[in-house]
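Participant: Below: one structure in structure tokens.
In UniProt numbering, the protein residues as written are 1 to 144.
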């Protein structure tokens, strides 16, 4: 295995950093995604020219998780909540809606990268997001 295949891609780190910078500046982070990539779970009715742009602002998403292999969150499209899964290989860019500042990525960055076995197991997303069930206990008491 050569050195180039053992080094991790910079894309997940840059996406997280730019997301934080955009949010800290009260701007709206947009994620451009290659809708034709493998393992992408997105609303296909909003795809144009093989791409989709997703609003990933904290106020527009729920349960956001940005890992090294994928981005996962829930969002509403046409009033219907959907689970979104985007492998980092499918991320084309992240930028602020208001001023277009951000970064677009080299589409060949993942060409020679082979993830370790445990990382590839995480990349194979589950079909449904699993959340731990919480106890059904009321949090309010009636005081007299």
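C-beta: ideal position from N, C-alpha, C; glycine also.
1) What does a CB cutoff of less than 7 Å around residue 16 pick up in its chain, not counting 5 residues either side in sequence?
2) Give every residue of the same chain whose Cβ lies closer than 8 Å to the Cβ of residue 8, excluding the five residues on either side of it in the sequence, and list them in chain order.
3) Pull up the distance between the alpha-carbon of residue 91 and that of residue 105, whole angstroms please.
4) Quickly, what does DSSP pair residue 54 with across the bridge? List them, please.
5) The alpha helix (DSSP H) with residue 113 in it runs from where to where?
6) Classify residue 22 as helix, strand or coil using the three-state DSSP reduction.
7) Please confirm if the segment 46–63 is in contact with the segment 25–37, defined as three or more CB-CB distances below 8 Å between the two stretches.
8) Measuring straight from C-alpha to C-alpha, what distance separates residue 43 and residue 77?
9) Quick check: what's the CA-CA separation for residue 59 versus residue 31?
10) For residue 56 and residue 28, what's the separation of their Cα atoms in angstroms?
11) So, using beta-carbon positions, are residue 41 and residue 84 closer together than 8 Å?
Facilitator: Inspection of the coordinates gives the following:
1) Here residue 16 refers to the residue found at position 16 when the chain shown is read from its first residue. So the list reads 66, once near-sequence residues are dropped.
2) One-based indexing of the chain shown puts residue 8 at position 8. Taken in chain order, the residues that qualify are 68 and 113.
3) Translated into the one-based positions of the chain shown, residue 91 becomes position 91. Translated into the one-based positions of the chain shown, residue 105 becomes position 105. The alpha-carbon atoms of residue 91 and residue 105 are separated by roughly 8 Å.
4) One-based indexing of the chain shown puts residue 54 at position 54. 31.
5) Counting from one through the chain shown, the residue named residue 113 turns up at place 113. That residue, residue 113, is in no alpha helix (DSSP H); it is neither H nor E in DSSP.
6) Here residue 22 is taken as the residue at index 22 of the chain shown, counted from 1. Residue 22 falls in the helix class under three-state DSSP.
7) yes
8) Within the chain shown, residue 43 is the residue found at index 43, counting from 1. Within the chain shown, residue 77 is the residue found at index 77, counting from 1. Those two C-alpha atoms are separated by around 8 Å.
9) Along the chain shown, one-based indexing puts residue 59 at 59. Along the chain shown, one-based indexing puts residue 31 at 31. Approximately 15 Å between the Cα atoms of the pair.
10) The residue given as residue 56 occupies position 56 in the chain shown. The residue given as residue 28 occupies position 28 in the chain shown. If you take the alpha carbons of residue 56 and residue 28, they lie about 8 Å apart.
11) What you label residue 41 is simply residue 41 of the chain shown in a count that begins at 1. What you label residue 84 is simply residue 84 of the chain shown in a count that begins at 1. In this structure, residue 84 lies closer than 8 Å to residue 41 by Cβ.
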